[in-house]
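Participant: The numbers in this note's numbering rise by one with no breaks, and the one at position 277 of the sequence shown is 297. C-beta: ideal position from N, C-alpha, C; glycine also. Handing you this structure, nothing more for now.
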Amino acid sequence: MLHHYKIKVKGIVQGVGFRPFVYNIASLHNLYGSVCNTTEGVIIHLEGPESAIQNCIKIIQTNPPPLSQITDITIEQLPPDGYTQFSILESTATRNKDVFIPPDVAICNECLADFFDAHNRRYHYPFTTCTHCGPRFSIIEDIPYDRENTAMKPFTMCWDCQSEYNNPADRRFHTQPNACARCGPHIVLCDSSGNILQSQFDAVISQLQELLTHHIVAIKSVGGYHLACDATNDFCVELLRKRKKRPFKPFAIIVPSIEFLETFCSVTPKEKELLQSKERPIVLVKLQKDIVSPHVAPGLSCIGVMLPCTPLQYMLFHNNSQSIYVMTSANISDEPIIYDDNDAFQRLHTIADYFVTYNRQILSHTDDSVMYVVDETPYFVRRSRGFVPAPIFITHTPVHILATGGDLKNSFALARNNFAILSQYLGDLSTPWGNELYQKTIAHFCKIFDFHPELVVHDLHPNYFTTLYAQKYIDQGIKTFAVQHHHAHIASVCQEHELYDPVIGIAFDGTGYGTDHTLWGSEFLIADTRQFTRAAHFDYFGLPGGENAIKDPWKIGLSLLMAANIDDDTFFTENHEKEFVKEIIQKNINCPKTCSIGRLFDGVAALLGIAHHISTEAEAAMLLEEKAAEALTHTTSFAVPITQGQSLVVHTAHIIHEIINMIQMHIPISTIAMRFHRAIAEATIATACRLREQYSLHRVVLSGGVFHNRILLHLITTGLQQKSFDVFAPQKLPCNDGGIALGQIAIGRDMYGH
Ligand code: ZN
Ligand code: ZN
Ligand code: FE
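In structure tokens, the structure reads:
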């Protein structure tokens, strides 16, 4: 008896080898019918005996291709159609573009074997790829995902490549970036003016290896340009810092293998797993031996490491398996990675001596993703290459929502139906280039996801670029909605973990605009994805000169002393501005009040003499954490009073008094730093306990950039768990402002129309 079924598969099903996979199982079961990519997903017709069809459906559901992610399968029985074969049909463009785009992933083992096999026609061809690996998001211009809608459009496949592409049994069947040395893109080595010095691949590599011993080379990778140099060469790394005008912010390194990495770092099983995953993020690991230059991660005991991800990166270590290279995003200050070839030569020629580039356009940039592991649980610092634009599934939203994110470490988000898509890392939106890229990227996302916002959600901060950008939609008759910064932080985690009842949300970060117009940053919110009550916070102190004080932690230290009424003239005497800063604090001139924990860490770092001036946000806090790590086993602490006012207030002034006492008693700085960490953690746990009594809630959500502090995250998480709280932290997104767009989406969705 002949049966006919129509199966519609939604999710990440394009560009991942779904059609050949279906073709192969259908052939194996002697079924006729068709498979087709549509903008609604993959549509399969199967005709034949009932049991064989059910078998196929089962395989599709349980064992789909490695890069696919199925979100929905609908099965419909139809009258028999009399198919005479199984065919793969051309893509059709219909209206609803509810398909996802896969992220860019590392080269697979089979392709790598082809690449290193001297008898293979892809021997040393650096754009070797197949259906299971390689670039996707970075080369897609529009959907459906067909070659003419990608950056591969200018390259016409040669006869060999075309026959692989046409053969359903081949691993490269319908692999849009399929190419070989005869027909595909090519790598060249140039000087800083763009003159081509070498274009034969093996010669490029050997010259590159040679150059990297003494020079800085810009290398075009999957998501943009990297700057590379020998990580063991002090002179080169220092030169890179000088040219990049980046004195502190750590550089990532690339190493050939885990085995080699383990000769100078300790790597936990979870860290190994992340390093080797197909997403290939940068992972922070603990340094054990001083092999790399101290300028790579100055003053820090951890280092960001990645393993090779592309054939070119593998070739860096060809006959050269003991090398370590700096591999850092080519960018200016905190902007995103540079990815356009013209931009690269214009903006990097003063930094890089040479360029290794290729003639295929990057259409979407992605910085390397960055992760760290605490108690064998992975966390994101940055979610970008390898992960973006994979969807995050959410509760259904009746309208299309655009969430504009925050102005630092920006990532915006789109949401419709039951999914949200977070953008790649867009950095700090404080430069014209950053602003332009932000708007361009939103336009690109709207195009490739066929997205038309009906609601635009933004931060409450009136002067954020992301707020002003959102307000432009009002002219088009589109509704906008403002969300308080820390509420967004908490709602993001609630959405991720599908927590629908109110929680105790703890948001510790730099600063965010509060509903009372002060700068918040130590928030205990009783919150869900609709509303929040500000239930507790740390005490306020002045931020002399406003947000600019971030660069001068000593000013914050001074302000903390004054807020605690400590009259001690021994601090910051070397700063000739001291009296002036004192005056602006006393007279309250341009000295907004904040209760930010991030700034408290900065100020305490200054009081302990760890950091007076800094070059990048969170530098002082990172160095303070590093100091504390030296006294990790030190278990004493001090109690911090908490009083009930309009909300609970944790007494920051008391913390400062304790610190000054310890300094006067000549207690080692590392011990003081550790006691400070413990005191903050204990005060946080004590506050949570009081809120549990008050509100009868036992779920705690942690968010905010301060939780990148691994000591604090560990102490607070384990401390709360010991007190029988259920603790939730962001796992799929960073805890910093890169994660707030999802919270904006959740709140926008739940408050829309209310
Ligand atoms: Zn492959
Ligand atoms: Zn070819
Ligand atoms: Fe924040």
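Starting from the N-terminal end, write out each residue whose C-beta falls within a distance shorter than 5 Å of any non-hydrogen atom of ligand 2.
Facilitator: This criterion selects 178, 181, 200, 202, 203.
Participant: Apart from the five residues just before and just after residue 349, which ones in its own chain have a Cβ nearer than 6 Å to its Cβ?
Facilitator: Only 357, 387 meet the Cβ criterion.
Participant: Round the Cβ separation of residue 317 and residue 276 to the nearest angstrom and send it over; I've been treating them as touching at under 8 Å.
Facilitator: About 19 Å separates the two Cβ atoms, so there is no contact after all.
Participant: Might you give, ordered along the chain, the residues of its own chain that have their beta carbon closer than 6 Å to the beta carbon of residue 146, omitting 5 neighbours on each side?
Facilitator: So the list reads 207, 331, 332, once near-sequence residues are dropped.
Participant: Please list the terminal residues of the continuous beta strand (DSSP E) segment that includes residue 418.
Facilitator: Segment 412-423, the beta strand (DSSP E) holding residue 418.
Participant: Mind the definition here: the stretch 192-207 touches the stretch 408-419 only if three or more C-beta pairs lie below 8 Å; say whether that holds.
Facilitator: Short answer: they don't touch.
Participant: As a quick exercise: from 763, 83, 53, 649, pick the residue whose alpha carbon is nearest that of residue 549.
Facilitator: Checked all of 763, 83, 53, 649; the closest Cα to residue 549 is 763.
Participant: Answer with buried or exposed for residue 157, where buried requires no fewer than 16 other C-beta atoms within 10 angstroms of its C-beta.
Facilitator: Under this definition residue 157 is a buried residue.
Participant: Assuming residue 28 and residue 60 form a contact by the criterion Cβ under 8 Å, report the distance between their Cβ atoms to the nearest whole angstrom.
Facilitator: At roughly 7 Å, the Cβ-Cβ gap stays under 8 Å, so residue 28 and residue 60 are in contact.
Participant: Using only CA atoms, which one of 39, 21, 773 lies nearest to residue 69?
Facilitator: Considering only alpha carbons, the answer is 21.
Participant: Tell me the DSSP bridge mates of residue 746?
Facilitator: The partner list for residue 746 (beta bridge, DSSP) reads 719.
Participant: Let me make sure I understand the geometry here. Which of 523, 516, 513, 557 has the alpha-carbon closest to that of residue 534?
Facilitator: Out of 523, 516, 513, 557, 557 has the C-alpha closest to the C-alpha of residue 534.
Participant: Mind reading off the beta-carbon distance from residue 303 to residue 392? Whole number of angstroms is fine, and I expect it under 8 Å.
Facilitator: That pair is a contact at about 7 Å.
Participant: Quick one: is the Cβ of residue 57 within less than 8 Å of any heavy atom of ligand 3?
Facilitator: The answer is no for residue 57.
Participant: Quick one: Cα of residue 370 to Cα of residue 257, how far?
Facilitator: Taking the straight line from one Cα to the other gives about 15 Å.
Participant: Short check: CB of residue 49 to CB of residue 98, under 9 Å?
Facilitator: No.
Participant: Which word fits residue 593, buried or exposed, when buried means at least 16 other C-beta atoms lie within 10 angstroms of its C-beta?
Facilitator: Exposed is the call here.
Participant: I need the DSSP call for residue 398, collapsed to helix, strand or coil.
Facilitator: DSSP places residue 398 in strand when its eight states are reduced to three.
Participant: For residue 302, list the residues DSSP reports as bridge partners.
Facilitator: Bridge partners of residue 302: 390.
Participant: Using 8 Å for Cβ pairs, my map puts residue 538 next to residue 612. What's the rounded Cβ distance?
Facilitator: With 8 Å as the limit, residue 538 and residue 612 qualify as a contact, their Cβ atoms being about 7 Å apart.
Participant: Please state if the CB of residue 127 and the CB of residue 148 are separated by a distance shorter than 9 Å.
Facilitator: Yes, the Cβ-Cβ distance between residue 148 and residue 127 is below 9 Å.
Participant: Any heavy atom of ligand 1 closer than 8 Å to the beta-carbon of residue 144?
Facilitator: No - ligand 1 has no heavy atom lying nearer than 8 Å to the Cβ of residue 144.
Participant: Nearest by alpha-carbon distance to residue 660: which of 667, 687, 707 is it?
Facilitator: Ranking 667, 687, 707 by Cα distance to residue 660 puts 707 first.
Participant: Less than 9 Å between the C-beta atoms of residue 710 and residue 658, yes or no?
Facilitator: Not in contact: residue 710 and residue 658 (Cβ atoms no closer than 9 Å).
Participant: Quick test of your reading: residue 312 and residue 273, contact by CB under 8 Å. State the CB separation rounded to the nearest angstrom.
Facilitator: Confirmed, Cβ separation roughly 6 Å.
Participant: Is residue 191 a contact residue of ligand 1, with contact defined as CB to any heavy atom under 8 Å?
Facilitator: Correct: residue 191 has its Cβ closer than 8 Å to ligand 1.
Participant: Closest by CA to residue 772, which one among 200, 678, 498, 43?
Facilitator: Among 200, 678, 498, 43, the Cα nearest to that of residue 772 is on 498.
Participant: Here's a check: name, in chain order, each residue in its chain whose Cβ is nearer than 7 Å to the Cβ of residue 747, leaving out the five neighbours to either side.
Facilitator: Taken in chain order, the residues that qualify are 720, 722, 737, 740, 741.
Participant: Among 629, 650, 621, which residue has its Cα nearest to the Cα of residue 595?
Facilitator: Closest by alpha carbon: 629.
Participant: Any heavy atom of ligand 3 inside 8 Å of the beta-carbon of residue 757?
Facilitator: Yes - ligand 3 has a heavy atom lying nearer than 8 Å to the Cβ of residue 757.
Participant: Can you tell me whether residue 166 is helix, strand or coil according to DSSP?
Facilitator: In the structure shown, residue 166 sits in coil (DSSP, three-state: anything other than H, G, I, E or B).
Participant: Where does residue 554 sit, in a helix, a strand or coil, going by DSSP?
Facilitator: Reduced to three states, the DSSP call for residue 554 is strand.
Participant: In chain order, what are the residue ranges of uninterrupted beta strand (DSSP E) at least 3 long that sit wholly in the stretch 232-294?
Facilitator: Qualifying beta strand (DSSP E) stretches, in chain order: 237-240, 245-250, 272-274.
Participant: With hydrogens ignored, establish whether the beta-carbon of residue 509 is closer than 8 Å to any heavy atom of ligand 3.
Facilitator: The answer is yes for residue 509.
Participant: Would the beta-carbon of residue 487 fall within 9 Å of that of residue 479?
Facilitator: Yes; because the gap between Cβ atoms is below 9 Å, this pair is in contact.
Participant: Taking the DSSP output, what are the residues bridged to residue 324?
Facilitator: The partner list for residue 324 (beta bridge, DSSP) reads 272, 304.
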